Amino acid sequence: YIGQTKRHLRTRVKEHCNNIKLHDSNHSVITKHRLESGHEFDWLKPDILHSETYVRKREIAEMFFIKRSDNLINLQTDTDNLNNIY
């Protein structure tokens with residue numbers, strides 16, 4: 001999974017981890033993957049692929065990393081706004 005946030009990484013990881021406690025209609029892609037596959041993430045060791053202060057640049061970086069990576073659970077619509085040149 002590749003995602004971007006302006007909040008502290010620990011906060012965002014905790015939200016992803018706790019999302020499983022919510023009603024089904026509010027489950028994230030990560031939670032759906034956990035429930036359907038039985039796969040658990042290593043919540044203590046997330047990788048930081050890129051750091052960017054500006055929101056738009058962060059969004060572009062996120063789309064770029066999603067597009068160039070294989071074996072992701074991200075929705076492909078996450079890259080709809082990325083130019084085909086990438």
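Under the UniProt record's numbering, residues 1 to 86 are what the sequence shown spells out, in order. From the three backbone atoms N, C-alpha and C, an ideal C-beta is built for every residue, glycine too. Bear in mind that the values here come from a model prediction, so they are computed numbers and not experimental data.
Of the residues the options, the one placed nearest residue i, counting alpha carbons only
i   : options               : result
Y1  : R7, N81 and H33       : H33
K6  : H23, Y54 and H27      : Y54
D47 : N84, N26, H27 and F65 : F65
I30 : R56, G3 and R58       : G3
M63 : L22, N81 and L35      : N81
K45 : S28, K14 and H23      : K14
R10 : G38, I73, D42 and R68 : D42
Residue-chain proximity (residue i, chain B), Cβ-Cβ < 9 Å
i   : result
D47 : In the displayed structure, chain B is absent; only one protein chain is listed.
Sequence-distant residues of its chain with Cβ nearer than 6 Å to residue i (five each side left out)
i   : result
A61 : H50 and E52
Backbone CA spacing between residue i and residue j [nearest angstrom]
i   : j   : result
C17 : S25 : 16 Å
N19 : E36 : 14 Å
N71 : R58 : 21 Å
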